Amino acid sequence: MIFRKSDGRPSWPSALIKVYIDIDGVLLRTGKNGPELIPQFRRVIRYLFANFDCYWLTTHVRHGSGSAGAVAKLAPHLRKARIDPTILDGIEPAEWETLKTEAIDFSRPFIWLDDDPLPTERQILEESGCADSLVDINWRRRATRLTVRRIKRIRRSILRGLENS
Ligand SMILES: [Mg+2]
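Take any residue in the sequence shown, count from 1 to its spot, add 42: that is its number in the working numbering.
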């Protein structure tokens with residue numbers, strides 16, 4: 043569905059942009075005592091939920107398993123941080139078997155948050171003209187961490203691209 047502005051130009055409500063969300067290395071990072079929630083976890087999830095159509099794209103959500111695996115993986119961390127697990131409600135499962143790219147809808151604008159896509163997956167993105175949709179997350183470098191600020195900037199540039207296309 044394409045919405046139009048008063049002057050007839052297509053306008054993409056940001057919720058029409060899909061975000062595919064990995065868990066390990068993206069929402070959980072390696073801390074001193076093993077995996078831990080990222081510092082802006084609550085803000086990031088709320089921001090993604092308010093501005094994108096959200097999907098899990100993680101090894102914890104495979105074909106036929108629904109979102110349960112993602113919720114189970116994060117539950118102990120949420121409990122520790124006293125974050126209500128209902129914050130995850132509404133993030134839909136994206137199901138795949140061999141490659142995460144199987145679950146991506148290439149007909150719609152999207153971003154994919156991942157710390158470790160396979161070379162084959164990167165290649166498929168490139169061949170589909172979607173290399174820019176991959177948001178590489180690397181917690182060891184400040185510029186490549188997952189923050190609301192970074193996602194906001196990326197979302198703005200996607201919206202600009204869509205309006206000009
Ligand atoms: Mg990962």
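Every residue, glycine too, gets a C-beta built ideally from N, C-alpha and C.
What you are looking at is a predicted structure, and each value in this text was computed from that prediction instead of being measured.
Quick one: give me the first and last residue of the alpha helix (DSSP H) that residue i is part of.
i           : result
residue 118 : 110–122
Let's test the definition: count the other Cβ atoms within 10 Å of the Cβ of residue i and tell me whether it reaches 16, buried, or not, exposed.
i           : result
residue 194 : exposed
residue 109 : buried
residue 142 : buried
residue 168 : exposed
residue 67  : buried
residue 43  : Note that residue 43 has pLDDT 45, beneath the 50 cutoff, so the model's placement of it is unreliable and the number below is only indicative. Residue 43 should be labelled exposed.
Ligand 3 heavy atoms versus the CB of residue i: any closer than 8 Å?
i          : result
residue 68 : For ligand 3, the structure offers nothing, since it holds only ligand 1.
With H, G and I counted as helix, E and B as strand and the rest as coil, what does DSSP make of residue i?
i           : result
residue 177 : strand
residue 193 : helix
residue 139 : coil
residue 153 : strand
residue 166 : helix
residue 59  : coil
Within the present structure, is the beta-carbon of residue i separated from the nearest heavy atom of ligand 1 by less than 8 Å?
i           : result
residue 64  : yes
residue 100 : yes
residue 95  : no
residue 157 : yes
Between which two residues does the beta strand (DSSP E) containing residue i stretch?
i           : result
residue 103 : Segment: none, residue 103 is in no beta strand (DSSP E) and carries neither H nor E.
May I have a chain-ordered list of the beta strand (DSSP E) segments no shorter than 3 residues that lie completely inside the stretch 67–100? 70–73, 76–79 and 95–98
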